[in-house]
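Below you'll find the structure, written out as structure tokens, and then a few comments.
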Ligand SMILES: [Zn+2]
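In our numbering, the protein residues as written are 140 to 384.
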């Protein structure tokens, strides 16, 4: 394949544009924000689960507190009723002694229930503090995630701008190059990642292999407008004064 040396050098401009497009694509995939977002999302899920768990404990305790209150209430009501009966004077001596006995039992029961209530209240306070602390952690993690997503989107927008510019460069370069040369370039690029490179100081700029003496002698003897490819990676080797020939 033949192409004027000046045209071959333009192939280097295309390779440079493509290398930058590759860097942009790589950068998009490996933005540090992506891994950080994954970590923070995981942490957020854990904290939301923890919040649901403590909220459930809090509502369980609320139910227990109400149940306890109802029980205290019913013991009180029963004691009131017993006292009223005793005061009414309409009960026998036997009933009176039974009622006195029951009132003592009810008083003990009420004292025990009130102790339980105190303990429940203390537990409820601790759980409420837990709910508040965990909710604050969820909020903080949500803000952290928002911030990271914003940073990721900004980075992606920058990369999109660069990509659009380089794609425009590519569009303006392509019509200047012969179709068969571009086809060769694209074929090699599809297989090896780099379609053309400078032959610099006897080294292939694509695979970095240093060419041996006989290959160099061969290339030296090849006409300037002949397209030369690297034996190792297939890249079009563009010759300039830097080539060491
Ligand atoms: Zn090579």
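Don't be surprised by glycine CBs; every beta carbon is placed ideally from N, CA and C.
For this session: Keeping to the same chain, check which residues put their C-beta closer than 7 Å to that of residue 301; ignore five residues upstream and five downstream.
Result: For residue 301, where only same-chain residues beyond five positions count, the Cβ hits under 7 Å are 163.
Problem set entry | Exposure of residue 257, with buried meaning 16 or more beta-carbon neighbours within 10 Å | exposed
For this session: State yes or no: is the C-beta of residue 259 within less than 9 Å of the C-beta of residue 194?
Result: no
Exercise. Can you check whether the CB of residue 376 is closer than 9 Å to the CB of residue 335?
Worked result: yes
Problem set entry | First through last residue of the alpha helix (DSSP H) which encompasses residue 315 | Element bounds for residue 315: n/a, residue is neither H nor E.
For this session: Just confirm the distance between the C-beta atoms of residue 149 and residue 316, as a whole number of angstroms; I'd bet it's less than 8 Å.
Result: 6 Å
Exercise. Cβ-heavy atom distance between residue 373 and ligand 1 below 8 Å?
Worked result: Checking the Cβ of residue 373 against ligand 1 gives yes.
Exercise. With a CB to CB cut of under 8 Å and the five nearest residues on each side skipped, what residues in its chain are close to residue 239?
Worked result: Closer than 8 Å at Cβ, skipping near neighbours: 225.
Exercise. Helix, strand or coil: which one does DSSP assign to residue 377?
Worked result: In the displayed model, residue 377 falls within a strand according to three-state DSSP.
For this session: Assign residue 368 to one of three DSSP states: helix, strand, or coil.
Result: strand
For this session: Name the two residues that bound the continuous beta strand (DSSP E) containing residue 339.
Result: Where residue 339 is concerned, the enclosing beta strand (DSSP E) stretches over 335-339.
Exercise. Can you tell which of 281, 141, 327 has its C-alpha closest to the C-alpha of residue 179?
Worked result: Restricting attention to 281, 141, 327, the CA atom closest to the CA of residue 179 is found in 281.
Exercise. Under the rule that 16 or more other beta-carbon atoms within 10 Å means buried, what is residue 268, buried or exposed?
Worked result: exposed
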